[in-house]
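Per UniProt numbering, the sequence shown starts with residue 1, numbered consecutively.
Before any comments, here is the structure.
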Amino acid sequence: MPLVWREFQPIAAIATTPNAAQRLQLLSQTTGATLWVPESLSAIEQAQVYTGSLKAHVAQLWHHHRAFVFCLATGAVVRLIAPLLEHKSLDPAVVVVDEKGQFVISLCSGHQGKADQLAKAIALQLGATPVLTGASSALGLPGVDTLGVPFGWQRGEGDWTAVSATVARGEAVQVIQEVGSTLWQEHLPQGHPFHFGFPEYTATNREEAISPKARIWISATQRQFSPESDLPKVQWHPRVLWVGIGCERGTSKQLIETAIQQTCRSHHLAEGAIAGLATIDIKADEVGLVELCRDRNLPLRTFPAEVLRSVNVPNPSAVVEKEVGTPSVAEAAAQLAANSFGAQDVAPLQVKKQIFKAEGQPGAVTVAIAQSEQEYTGRTGQLFLIGTGPGQLEQMTPAAQTAVSQADVVIGYSLYIDLIAPLLRPGQIVEALPITQERQRAERAIEIAQWGLVVAVVSSGDCGIYGMAGLVLEELRAGGWDGKTPGVQVFPGITALQAAASRVGAPLMHDFCAISLSDLLTPWEVIEKRLTAAAQADFITALYNPRSQTRTQQIATARDIFLKYRDPMTPVAIVRAAYRQDEQITLTTLEKLLETPVDMLTTVLIGNQSTRTYEDWMITPRGYLGFDADATRLNPPS
1 MPLVWREFQP IAAIATTPNA AQRLQLLSQT TGATLWVPES LSAIEQAQVY TGSLKAHVAQ
61 LWHHHRAFVF CLATGAVVRL IAPLLEHKSL DPAVVVVDEK GQFVISLCSG HQGKADQLAK
121 AIALQLGATP VLTGASSALG LPGVDTLGVP FGWQRGEGDW TAVSATVARG EAVQVIQEVG
181 STLWQEHLPQ GHPFHFGFPE YTATNREEAI SPKARIWISA TQRQFSPESD LPKVQWHPRV
241 LWVGIGCERG TSKQLIETAI QQTCRSHHLA EGAIAGLATI DIKADEVGLV ELCRDRNLPL
301 RTFPAEVLRS VNVPNPSAVV EKEVGTPSVA EAAAQLAANS FGAQDVAPLQ VKKQIFKAEG
361 QPGAVTVAIA QSEQEYTGRT GQLFLIGTGP GQLEQMTPAA QTAVSQADVV IGYSLYIDLI
421 APLLRPGQIV EALPITQERQ RAERAIEIAQ WGLVVAVVSS GDCGIYGMAG LVLEELRAGG
481 WDGKTPGVQV FPGITALQAA ASRVGAPLMH DFCAISLSDL LTPWEVIEKR LTAAAQADFI
541 TALYNPRSQT RTQQIATARD IFLKYRDPMT PVAIVRAAYR QDEQITLTTL EKLLETPVDM
601 LTTVLIGNQS TRTYEDWMIT PRGYLGFDAD ATRLNPPS
């Protein structure tokens, strides 16, 4: 199953008419959804048949699926799901597709259930129009109740509806962020309503001060909001707290859990900000610890005694050292676990070790808490390596378009980012780097994906042909990648030679090759050998990167090499910016190739000895009409 659809699984697709079933059949194959049809449509291939009423069947599926796609009248869908709706934080995403496939409506759970994202992804697959009615989408803003999702933040207490309404009205919202990634702040549209920090205290004059209508706290602290306050507030908790645990063998899950809860409560820390638990490696199989991590979906990090012993802690214990070989378990483990991504300094302790026992319960627990600089996302990162094609969105595959729209982060050369701008969605992190910084783009993408986010790396044409795919994979391999984490998926695109060829006819109908004239990464001596070999072998040849501002002689040398083995009248196509607004096409000959300006956006197609031009078209015969294209002479022209 393609990675772009995994976060919506399992998906139920429901159709009740032949047209609707046909509409959803191919979509189900693409998305991995299960297609459900009534008994009257049992002949539909690759569909599951439900019996009885559709209302009862939907109710049966409701709590076991993350998304529903109906090809049914919207009113009928509303009546089907109305009795099942509980709360937007619990309800699955519900999307409705009309039978003609013209519109995809995000009906229910647009933000937290990601119905908006799903609707847009399906619309890209169908070539339809997504219908998103949420106010934040119209404003180009991330939803207040979803802005921390990519980073694994946990939603805390607060009046989420009132704060979201304040954003929708465009009124001032104060954001106080104490921990967690600020990437989301750096990619907001102009005119957004968020004000960061305490501007009412730091303003140099009264005009700069604001009177917020709502407040968002992003913190590891558990705040108690006054019920008398009229200012609506919400809390996001980035997972930055690592809880170090030391315990006697056989300590119950209940005692460990109680100890953590009491520690957090007494130090005003949010349990939602807990990233995971940490301890000594000999406790990796401690039943109470394992059960607690399983039930709360928390990672358990363990360290050997010699590593724990290397950490200077405020409360070492000779008794503990005699027992397990290190003077500290809880404090040292908490600090080591909080040292995310190889931080140089030992993470500070927020809570020094606390010892807990309970009457009537076996064992004892020691708890310490350290805070990491970077939050734990709890996600497996993904890298989408995407070819965007020649430039127009209609030349880009639906799968590639969907991958761009679903990614948390989009990275690429600024020109390519501009070309795919209509695919971007509110809340995405978009990083555009200069054309010469390919390696930096690859390193940045890998860094973010290893943290746990979904990153789309875009290249023009095909990402695997002079694009970013090879560089990203090289960097992964150099870093000891295991081939699985982060996950990688490559989305091919129409490359420059295909785009150029399609604009002039069928010049690539026989054997061909591509050669880049850029010697930034390949020695010019090697490029010359390849040009000579291609010319001698009568390959139709596509020349990439024919000329730059500082590299002007290579195209002339290439032409001279080909003139040694090809007729001067050999057809040549010079195509600049294929399928873009400033497209330029010239059909000429090998002899006159240098008379037409070329640059880095130009692809040059040199025909073989059987290539001909006809009525402004360039054609290389394949031999279907009896002409033996391989029987052309391979000797240099006289």
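No residue lacks a Cβ here, since even glycine has one placed at the ideal position from N, Cα and C.
Counterpart residues of residue i in DSSP-defined beta bridges
i, result
"His237", "Gln154"
"Val454", "Gln382"
"Thr603", "Val575"
"Tyr544", "Ser516"
"Trp36", "Ile14 and Gln48"
"Gln354", "Val367"
"Gly487", "Gln382"
"Thr166", "Note: Thr166 sits in no beta bridge, so no partner."
"Gly246", "Thr366"
"Ile494", "Paired residue(s): none; Ile494 is not in a bridge."
"Glu291", "None; Glu291 has no bridge partner."
"Glu431", "Ile411"
"Leu349", "Ala370"
"Val69", "Ala13 and Val95"
Residue range of the alpha helix (DSSP H) that includes residue i
i, result
"Trp62", "It is not in any alpha helix (DSSP H) - Trp62 carries neither H nor E in the DSSP assignment."
"Glu257", "Lys253 to Ser266"
"Leu424", "That residue, Leu424, is in no alpha helix (DSSP H); it is neither H nor E in DSSP."
"Thr613", "Element bounds for Thr613: not the alpha helix (DSSP H) but the beta strand (DSSP E), Arg612 to Tyr614."
"Glu525", "Trp524 to Gln536"
"Glu331", "Ala330 to Ala338"
"Ile81", "Thr74 to Ile81"
"residue 639", "Residue 639 cannot be examined here, being either before or after the span of the chain that is shown, 1 to 638."
"Thr402", "Pro398 to Gln406"
"Ala138", "Ala135 to Leu139"
Residue i vs residue j beta-carbon contact at 9 Å
i, j, result
"Ile420", "Val404", "yes"
"Gly244", "Ala370", "yes"
"Arg223", "Val163", "no"
"Ala334", "Ala278", "yes"
"Ser89", "Asp159", "no"
"Gln254", "Gln354", "no"
"Val324", "Ile256", "no"
"Tyr466", "Ser516", "yes"
"Thr302", "Ala284", "yes"
"Trp451", "Thr388", "no"
"Ala500", "Leu605", "yes"
"Leu139", "Gly170", "yes"
"Arg580", "Gln392", "yes"
"Ile386", "Ala400", "yes"
"Ile585", "Arg477", "no"
"residue 682", "Ala407", "For residue 682 there is no data in the structure shown, the boundaries of the chain being 1 and 638."
"Glu286", "Arg249", "yes"
"Val167", "Ser136", "yes"
"Ala259", "Phe356", "yes"
"Gln60", "Ile44", "no"
"Ala270", "Ser219", "yes"
"Gln117", "Thr30", "no"
"Ile574", "Thr603", "yes"
"Leu531", "Ala514", "no"
Whole-number beta carbon distance between residue j and residue i, since they are thought to touch under 8 Å
i, j, result
"Ala15", "Val37", "6 Å"
"Pro92", "His65", "6 Å"
"Thr380", "Thr263", "Wrong, their Cβ atoms sit about 30 Å apart, outside the cutoff."
"Ala67", "Thr34", "With a Cβ gap of about 11 Å, Ala67 and Thr34 do not count as contacting."
"Leu587", "Pro571", "7 Å"
"Ile105", "Val95", "7 Å"
"Gly148", "Trp236", "5 Å"
"Asp471", "Ala442", "Reading the sequence as shown, one finds Leu at residue 471 and not Asp. Indeed they touch by this definition, with Cβ atoms about 5 Å apart."
"Val457", "Leu383", "7 Å"
Boundaries of the beta strand (DSSP E) in which residue i is found, first to last residue
i, result
"Pro130", "Thr129 to Val131"
"Glu321", "Premise fails: Glu321 lies in the alpha helix (DSSP H), Ala318 to Val324, not in any beta strand (DSSP E)."
"Leu300", "Leu300 to Phe303"
"Ser106", "Phe103 to Cys108"
"Met618", "Trp617 to Ile619"
"Ala275", "Ile274 to Ile280"
"Ala93", "Ala93 to Val97"
Distance cut-off 8 Å: residue i Cβ against heavy atoms of the ligand SAM
i, result
"Met509", "For the structure depicted, the ligand SAM is absent and the ligand set is empty, with no information on it obtainable."
List, from N- to C-terminal side, the beta strand (DSSP E) runs of 3 residues or more that fit wholly inside the segment 557-592. 571-576 and 584-589
Complete runs of the alpha helix (DSSP H) confined to the segment 453-482 [at least 4 residues]: 468-478
Those runs of the beta strand (DSSP E) which lie wholly inside the segment 168-230 and span at least 3 residues: 173-177, 194-196 and 214-218
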